[in-house]
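Q:
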Amino acid sequence: MNQRIREMREILAKVPKVQLGFFPTPLQRLDRLSEKLGVEILLKRDDLSGISQFGGNKIRKLEYLMADALKEEADTVITYGASQSNHAMQTVTACRRLGLHPVLYLTDLIGSDEENPSGNLLLDRILGAEIHLEQPGTGDMMEAEERIREKVKVRIETLKGEGRTCYEIPMGGANAIGSLGFLEAYLELTEDLLRKGQVADYLYHATGTGGTLAGLMAGKTLIQSKTEIVSIGVGIGGEEYKGKVVALSNGAIELLGRKERVLEEDLSVMETYYGEGYEVPSAKGSRAIRLLAETEGILLDPVYTAKAFSGMLDHIEKGIIEKGSRVVFWHTGGATALFAEKKILGDIY
Ligand SMILES: Cc1ncc(COP(=O)(O)O)c(C=O)c1O
Numbered sequence: 374m375n376q377r378i379r380e381m382r383e384i385l386a387k388v389p390k391v392q393l394g395f396f397p398t399p400l401q402r403l404d405r406l407s408e409k410l411g412v413e414i415l416l417k418r419d420d421l422s423g424i425s426q427f428g429g430n431k432i433r434k435l436e437y438l439m440a441d442a443l444k445e446e447a448d449t450v451i452t453y454g455a456s457q458s459n460h461a462m463q464t465v466t467a468c469r470r471l472g473l474h475p476v477l478y479l480t481d482l483i484g485s486d487e488e489n490p491s492g493n494l495l496l497d498r499i500l501g502a503e504i505h506l507e508q509p510g511t512g513d514m515m516e517a518e519e520r521i522r523e524k525v526k527v528r529i530e531t532l533k534g535e536g537r538t539c540y541e542i543p544m545g546g547a548n549a550i551g552s553l554g555f556l557e558a559y560l561e562l563t564e565d566l567l568r569k570g571q572v573a574d575y576l577y578h579a580t581g582t583g584g585t586l587a588g589l590m591a592g593k594t595l596i597q598s599k600t601e602i603v604s605i606g607v608g609i610g611g612e613e614y615k616g617k618v619v620a621l622s623n624g625a626i627e628l629l630g631r632k633e634r635v636l637e638e639d640l641s642v643m644e645t646y647y648g649e650g651y652e653v654p655s656a657k658g659s660r661a662i663r664l665l666a667e668t669e670g671i672l673l674d675p676v677y678t679a680k681a682f683s684g685m686l687d688h689i690e691k692g693i694i695e696k697g698s699r700v701v702f703w704h705t706g707g708a709t710a711l712f713a714e715k716k717i718l719g720d721i722y
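Heads up: the sequence shown begins at 374 in this note's numbering, then just goes up one per residue.
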């Protein structure tokens with residue numbers, strides 16, 4: 374295993390990357406919760422990744438994406454998301470760190486109060502991003518993104534006319550280049566564990582646009598790790614979801630010039646824990662937030678990590694995760710949603 378990790382590290386080192394976050398992030402044993410549940414739970418703290426105090430999983434992707442933007446000599450970065458997008462907020466911090474102009478096209482799924490923004494929208498404002506708040510219409514996020522794309526084309530033309538060079542990052546930073554960040558993250562986790570002479574039986578995490586999962590699967594496949602990755606969907610992934618993730622995984626592997634491939638049947642995606650929809654809190658998620666807060670003093674977010682954590686707790690309760698197993702839960706950040714619209718938080722106290 375060590376040899377394979379070393380080999381991958383050498384290959385990755387040749388890919389352009391900018392240093393944005395604080396890595397490796399801590400791998401923290403949850404002593405009290407582990408004792409309570411009879412399973413060893415380790416938390417991979419990407420919520421502490423930086424750049425700002427409000428970290429998250431996108432910083433890893435952005436280290437590769439921003440390097441690509443700089444290679445293209447971009448001075449403006451355009452990206453997409455919901456009005457409370459963690460990805461958008463983290464992209465703005467990365468732009469500020471590198472002196473680039475951040476442009477956001479945000480779909481307002483929850484009806485934001487533009488006069489009194491909260492959560493990530495407030496942070497985007499404080500960070501001085503150029504914000505275009507768009508209405509969702511009747512469609513879902515993906516449909517809205519298509520519609521917005523047309524507006525972006527016009528904006529890019531204007532920016533070009535002002536002498537600017539634009540670089541576009543897809544929603545969630547979900548492309549092959551971004552997925553390299555989580556390919557590397559899988560190596561990092563394996564190294565964290567190996568230093569303690571450990572391996573993980575399971576790895577649980579929230580999956581949305583799929584770039585995190587794609588990178589993790591690519592990393593796992595390249596180093597032939599046996600850890601079972603269980604991905605909890607935070608929205609309806611649909612029939613094409615696995616195919617999309619596999620394309621991202623294999624795109625990342627190809628960028629490294631390797632021949633290994635991830636297959637759809639390698640993925641384990643659970644779509645039973647997202648509740649009523651994206652940004653709609655679930656009762657199980659709220660309980661998960663309270664449980665982790667009250668046993669360990671650590672905060673989850675209602676949109677992603679709470680739903681994923683509730684899936685892991687359910688699997689422990691049902692014995693799908695056997696007693697005595699070692700489980701890593703990837704804390705992908707997002708706790709700024711605790712300070713967003715009450716609709717997103719739900720009845721939590
Ligand atoms: C806090 C948090 N967790 C998990 C995810 C899911 O990551 P991905 O979009 O790479 O699937 C996101 C994505 O926005 C997120 O903000």
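Don't be surprised by glycine CBs; every beta carbon is placed ideally from N, CA and C.
As the structure is a computational prediction, the values presented were derived from the model and not from experiment.
Mind checking which residues open and close the alpha helix (DSSP H) that includes G710?
A: Here residue 710 refers to the residue found at position 337 of the sequence shown. One detail in the question is off: residue 710 reads as Ala in this sequence, not Gly. From DSSP, A710 is part of no alpha helix (DSSP H); its letter is neither H nor E.
Q: Using the Cα positions of V618 and G706, report the straight-line distance between them to the nearest angstrom.
A: For the purposes of this step, residue 618 is taken as the residue at position 245 of the sequence shown. For the purposes of this step, residue 706 is taken as the residue at position 333 of the sequence shown. Approximately 21 Å between the Cα atoms of the pair.
Q: Within 10 Å of its beta-carbon, does G492 have 16 or more other beta-carbons around it, so buried, or fewer, so exposed?
A: Taking the sequence shown and counting its residues from 1, one reaches residue 492 at position 119. Counting every other CB atom within 10 Å of its CB across the protein chains shown gives G492 a total of 16 or more, marking it as buried.
Q: When you compare the CB positions of Q426 and L416, do they come within less than 8 Å of one another, or not?
A: Counting from 1 along the sequence shown, the entry for residue 426 is found at position 53. Counting from 1 along the sequence shown, the entry for residue 416 is found at position 43. Going by C-beta atoms, Q426 is not nearer than 8 Å to L416.
Q: Quick test of the definition: if touching needs 3 or more C-beta pairs under 8 Å, does the region 583-592 touch the region 554-561?
A: yes
Q: Examine ligand 1 and report whether any of its heavy atoms sits within less than 7 Å of the Cβ of Y677.
A: For the purposes of this step, residue 677 is identified with residue 304 of the sequence shown, where counting begins at 1. Yes, since a heavy atom of ligand 1 falls inside the 7 Å radius drawn around the Cβ of Y677.
Q: What is the DSSP secondary structure of Y577, counted as helix, strand or coil?
A: By 1-based counting over the sequence shown, the position of residue 577 is 204. Y577: strand per DSSP, three-state reduction.
Q: Secondary structure at R631, three-state DSSP: helix, strand or coil?
A: As a first step, residue 631 must be located in the sequence shown, where it is residue number 258. Coil.
Q: Taking 7 Å as the cut-off, is the C-beta of G650 nearer than that to any heavy atom in ligand 1?
A: Within the sequence shown, numbered from 1, the residue matching residue 650 stands at position 277. With a cutoff of 7 Å, G650 does not count as near ligand 1, since its C-beta is closer than that to no heavy atom of the ligand.
Q: Leaving aside the five residues before and after M643 along the sequence, list all residues of the same chain whose C-beta is less than 6 Å from its C-beta, in chain order.
A: Reading the sequence shown from its first residue, position 270 is the one you call residue 643. Sequence-distant Cβ neighbours of M643 in its own chain, meaning closer than 6 Å and more than five residues away, are I605, G684.
Q: Should A661 be labelled buried (16 or more other beta-carbon atoms within 10 Å of its own) or exposed?
A: Here residue 661 is taken as the residue at index 288 of the sequence shown, counted from 1. Answer is buried; the Cβ neighbour count reaches 16.
Q: Here's a check: name, in chain order, each residue in its chain whose Cβ is nearer than 7 Å to the Cβ of S458, leaving out the five neighbours to either side.
A: Here residue 458 refers to the residue found at position 85 when the sequence shown is read from its first residue. Hits under 7 Å: L479, N493.
Q: Can you find a C-beta in chain D that's less than 8 Å from the C-beta of D404?
A: Given the protein chain composition of this structure (a single chain), no chain D is represented.
Q: Pair every Cβ in the region 695-713 with every Cβ in the region 573-586, then say whether three or more of these pairs are closer than 8 Å.
A: yes
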